[in-house]
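Chains as they are written, first to last, in UniProt numbering: chain A, 1 to 403; chain B, 1 to 403. We put the CB at the ideal spot given by N, CA and C, even for glycine.
Here it is as structure tokens:
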């Protein structure tokens, strides 16, 4: 149904700043030469109130610069170019901004939607895709220039626009995403990026609100807001189809108020188990990824928001919604117990592990700082002043699937 | 036994080129400014006959430079700095060379042993360690300057030197390695890098000849040359100990001549299975990583040397010893069958996947070229002329454990 209407609404996504869309290489030569540096240990921290980025170095554990003018970053996410030089920042207001971390400048920026919820980049680094609430759909951009290549409206069976959630990259310039208002999962094949071919899986469940791809790219799992359970697609099957898993998981039967829906992208896969935030309950669920059945629950200090595995899977770190969002708990996966409760600061919004997991960076919004912990000793390694920090994103994400 | 003798043999490892040991930052400012670039999509190819590196960009799939003067690279391996800017090249002749990929220059070089077999870098990027045959032992260097921090001889129970194999990094500035001549596995804790503390596990089996750490850093597995079976250490145990696994694996009962011992570091872990090169036999073994028991065998076209999983684990690629080293086979892991036989060129010595697995680079020594394949279509994407290429190493290794 969705592949009948490509390349619509070009006017909504024309570049706002034509001069800002020059190829990065030409800009680099005209700017004063920054110090040569590798980009494998860099990252960005969202300053949600200022619409700015603090640029950071994870080896020195310090800020190295700041970029302003990114619009409304009250809900923002970031992906990185394949060379780990450019950050693509998806703002809540529909702004898509390409930031050169080396020159510390905005190198391209478009207002591509009225309300956006994130994006993804293809494995080959050539395509950046935004997922939008208003107008509902996805848009495909040339990663080098932010030229709009395709506009794919997301539609309900009755032809209304649907909000898009849970976008992730798949191999071979494909992207997968869910339609909140249509109960569907779509796979867009952008082999020809100006004419994507969309496959729609319908009837996957009511109101998918977020989703994730497993670290190996095999399983796509969408949480359902409108009913209990999750929709899961095995992408390695010849003809992928959605099936329901974890019928007891969800908010339909939930007696507790839900202060904040968990972010599914943070779900942790460690060894053969996935660790999921219970919705509303003060629990982390343990799921066997071979059978996708629940095999245990771990009591935690609040309603979990992000449940994230250290890269080696030995630990899972959990933060919480209000009123418990001054805490972070550490789960030891072999014993499946909470082994430490930390209080990094006020309003912990996000966590990011360094690529090999020796450190974790935690944003404490209301203390205007980022705390860095040694994940082995659980001691503080550094404190960085950052204005109202929220998301933290390291360049190593460029080298992982499903981000 | 081994921690009694640190900081010996300083004379053997004093920097040969004092002027070449300047801190990288000072060199960078005096050199003509190279073009700004990210370093997440770069890599090096060993030119084994020339003692040189071809520097490559995996986004453009082309060579971007060349560095000569690295000595005997007939057996060489490479690790990368945490920022993905510097390559540390371990040559067979004991040369350890720090190469700045951005300036395309040698920034430090020491002759640290008479016969060396590779090295590793700590998760925090601060320490580089070499594993040596002659004199048998490991040496710990400051990663920034290549200053020698510690020299740890490896000794047999009778006090003779033992060759060291199977070195890998562990979390928290620790390194693990095996002693070929002592039947032991050692863990060196370099929290104080000038005074490492070594724990030795003795009686692990005869003649460990190579080893690997599983992708999550939990299991260290050493192959045994002197008997059948493998020695495995669960590093997450309170007091790690070696136990024997896969008693049927090895060359003790091997009726076939072994043309080349497989490289264990290439062993593939895909999902819950590990794929191992049989020794001498034309087979790849499938092992359940929960029980470490063999669960199947896949017939292949020759004696396997490298058995490597694509990062998503969907495929395992295999190359072979002489006389079958013009072939590469692709195993589909869900069906556990060979699905394709490729002939990339003469004398295939090594393979390296791009970080998200969309491409694989294959060195064809006797055709003096590197072939790049799309791992999904299995079509050639590029051909690069390189003189007698052997090992291929991409900077993304900096962000993985156990390399």
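CA-to-CA distance, residue 78 of chain B to residue 88 of chain B, given in whole angstroms
5 Å
Report the partner residues of residue 361 of chain A according to the DSSP bridge assignment.
DSSP lists A:352 and A:372 as partners of residue 361 of chain A.
With 8 Å set as the bound, which would you pick, yes or no: does the beta-carbon of residue 196 of chain B sit closer than that to a beta-carbon of chain A?
no
Tell me whether the stretch 381-390 of chain A and the stretch 138-157 of chain A touch, counting them as touching only if at least three CB pairs, one residue from each stretch, are closer than 8 Å.
no
Got a sec: which bits of the stretch 119-144 of chain B sit with their beta carbon under 7 Å from any beta carbon on chain A, in order along the chain?
Listed by position along the chain: 123, 124 and 125.
Taking any Cβ of chain C, which residues in the stretch 285-312 of chain B have a Cβ under 7 Å from it, in chain order?
Absent here is chain C; the protein component of the structure consists of chains A and B.
Within the chosen definition, does the stretch 34-53 of chain B reach the stretch 65-80 of chain B through at least 3 CB pairs nearer than 8 Å?
yes
Anything in the stretch 35-51 of chain A with a Cβ closer than 9 Å to a Cβ of chain B? List those residues in chain order, please.
Answer in chain order: 35, 36, 37, 38, 39, 40, 41 and 42.
Can you check whether the C-beta of residue 403 of chain A is within less than 8 Å of a C-beta belonging to chain B?
With 8 Å as the cut-off, residue 403 of chain A does not count as an interface residue toward chain B.
Distance cutoff 8 Å, beta carbons only. Does residue 65 of chain A sit that close to anything in chain B?
no
Close-in-space but distant-in-sequence residues of the same chain around residue 42 of chain B (CB under 8 Å, 5 per side omitted)
55, 56, 57, 58, 64, 84, 101, 394 and 395
For residue 308 of chain A, write down the residues that DSSP places opposite it in a beta bridge.
Looking at the DSSP assignment, residue 308 of chain A forms a beta bridge with A:317.
Buried or exposed: residue 195 of chain A, going by 16 or more other Cβ atoms within 10 Å of its Cβ?
Result: exposed.
Using 8 Å as the threshold, is the C-beta distance between residue 269 of chain A and residue 278 of chain A below it?
Not closer than 8 Å, so no.
With distances taken between CB atoms, is the gap from residue 169 of chain B to residue 175 of chain B smaller than 8 Å?
yes
Rounded to a whole number of angstroms, what is the C-alpha to C-alpha distance between residue 166 of chain A and residue 224 of chain A?
11 Å
For residue 265 of chain A, does the three-state DSSP call read helix, strand or coil?
helix
Just to confirm, is the Cβ distance from residue 112 of chain A to residue 177 of chain A under 8 Å?
No.
Interface residues of chain B around residue 217 of chain A at Cβ under 7 Å?
312
In whole angstroms, what is the alpha-carbon distance linking residue 37 of chain A and residue 106 of chain B?
16 Å
Please report the straight-line C-alpha distance between residue 337 of chain B and residue 298 of chain A, rounded to a whole angstrom.
39 Å
Outcome for residue 315 of chain B when other beta-carbon atoms lying within 10 angstroms are tallied against a minimum of 16
Counting Cβ neighbours within 10 Å, residue 315 of chain B comes out buried, since at least 16 surround it.
Using the C-alpha atoms, what's the distance from residue 202 of chain A back to residue 244 of chain A?
13 Å
Measure how close the beta-carbons of residue 287 of chain B and residue 276 of chain B come, nearest whole angstrom, since I'm counting them as under 8 Å.
6 Å
Applying the criterion that 16 or more other CB atoms from any shown protein chain within 10 Å of the CB defines a buried residue, is residue 239 of chain B buried or exposed?
exposed
Residues of chain A with a CB under 8 Å from the CB of residue 84 of chain B: which are they?
38, 39, 40, 41 and 84
Would you mind sorting residue 352 of chain A into buried or exposed? The rule is 16 or more other CB atoms within 10 Å of its CB.
Per the 10 Å Cβ criterion, buried.
Taking residue 400 of chain B as the reference, give the member of B:121, B:62, B:117 and B:208 with the closest Cα.
B:121
Contact list for the stretch 356-386 of chain A against chain B, Cβ threshold 9 Å:
Sequence-ordered contacts of the stretch 356-386 of chain A with chain B read 356, 357, 358, 359, 374, 375, 376 and 377 [C-beta pairs closer than 9 Å].
Which of the residues in the stretch 260-272 of chain B, read from start to end, lie with their CB under 9 Å from any CB of chain A?
Answer in chain order: 270, 271 and 272.
Go through its chain and collect everything with a Cβ distance to residue 367 of chain B's Cβ below 8 Å, but skip five positions before and after it.
Take residue 367 of chain B, set aside five residues on each side of it, and the residues of its chain with a beta-carbon closer than 8 Å to its own are 345, 346 and 347, in chain order.
Quick check: is the beta carbon of residue 395 of chain A nearer than 8 Å to any beta carbon in chain B?
yes
Chain A contact residues for residue 193 of chain B, given Cβ-Cβ distances below 8 Å
Taking a Cβ-Cβ cut-off of 8 Å, residue 193 of chain B has no neighbours in chain A, whose nearest Cβ is about 15 Å from it.
Can you list the residues of chain B that residue 334 of chain A reaches, using a CB-CB cut of under 7 Å?
236
So if DSSP puts residue 179 of chain A in a beta bridge, which residue, or which two residues, is it bridged to?
A:164 and A:184
Measure the beta-carbon distance from residue 419 of chain B to residue 375 of chain B and round it to whole angstroms, keeping in mind my assumption that it falls under 8 Å.
Residue 419 of chain B lies beyond the range of chain B shown here (1 to 403); nothing can be said about it.
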